[in-house]
Structures are given as C-alpha cells and as structure tokens.
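Chemist:
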Amino acid sequence: AEAIRYTLSRFDGLSRFLDDGRIEIDSNTVERSIRPIALNRKNALFAGSDGGAEHWAVVASLIETCKLNAVEPLGYLADVLTRIVNGHPNSQIDDLLPWAYIRAPALRAVA
1292 AEAIRYTLSR
1302 FDGLSRFLDD
1312 GRIEIDSNTV
1322 ERSIRPIALN
1332 RKNALFAGSD
1342 GGAEHWAVVA
1352 SLIETCKLNA
1362 VEPLGYLADV
1372 LTRIVNGHPN
1382 SQIDDLLPWA
1392 YIRAPALRAV
1402 A
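Okay, so the sequence shown: first residue is 1292 according to my numbering, each after it adds one.
1. So what's A1400 in DSSP terms, helix, strand or just coil?
2. Check N1381 in the structure and name its three-state DSSP category.
3. If you reduce the DSSP assignment to three classes, tell me which class I1375 lands in.
4. Using the beta-carbon count (16 or more within 10 Å), is Y1392 buried or exposed?
5. At the level of alpha carbons, what is the spacing between H1346 and R1296?
6. Determine the direct distance from the alpha carbon of R1313 to that of L1319, and round the result to whole angstroms.
7. Does I1410 come out as helix, strand or coil in the three-state DSSP assignment?
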C-alpha cells in the first residue's frame, strides 16, 4: 500500500514523458553518473578497519566533490596536501575545500 501511495503521489512527474517527447524514457545518464559512487561504496567494504573506512570515506568525498566542482582530483590532493605540510594556517583551511579552491587562482598555481 505504501508503494502505491508513493507512486500515485508522484504520478504526474513519472508520466511527464508521455506529454513531452524531449524527455528520455531511460535513466542511463543518471545511472552512469552514480556508478562510480556505488563501486566505491562496494570497494570500501574492504577498508580493513572502521578507522580505515572513515578515512576512505573522507578521501572519496573529497574526490567526488572535486569532480562536481570541475577540479582535477589528483592535482588538487597533491597541491592541498603540500600546502598543509608546508604550514597552511588551520584558520584558513576552508580556503582549501574544492568549491573555494576553484575560485582562487593563486591556490591553483602550485598544482
């Protein structure tokens, strides 16, 4: 009954493709974009420990956030880790997050 209520409450959106020929019937684009996330989640099962899994999740989150913000992940991680090791101030750590990183050309110069 709950599944039927869910479907009926979203029926307009689910049947919109019938009225608009521009809307594709398949979800291949979405499935391709979330496939790496699903594979990463599956691979994370073998992190070795709870602590390892937490670190894996942080790195995976940073990599996916880089991709969403059009930042090349390997270059970003190399640059940011170098900056942290070289004494980047903790009070300015937010400047190194991927969405702030793309807006600051001076930060990208080292990568």
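Yeah, the Cβ is synthetic: ideal placement off N, Cα and C, and Gly gets one too. Bear in mind the structure is a predicted one, so any value in this text is a computation, not a measurement.
Modeler: In terms of the structure at hand:
1. Bear in mind that a pLDDT of 45 at A1400, under 50, signals an unreliable position, so the number given afterwards is only what the model happens to contain. DSSP places A1400 in coil when its eight states are reduced to three.
2. helix
3. helix
4. buried
5. 40 Å
6. According to the sequence provided, residue 1319 is Asn. The question's Leu does not apply to it. So the two alpha carbons sit approximately 15 Å from each other.
7. This structure gives no information on residue 1410, because the portion of the chain shown stretches from 1292 to 1402.
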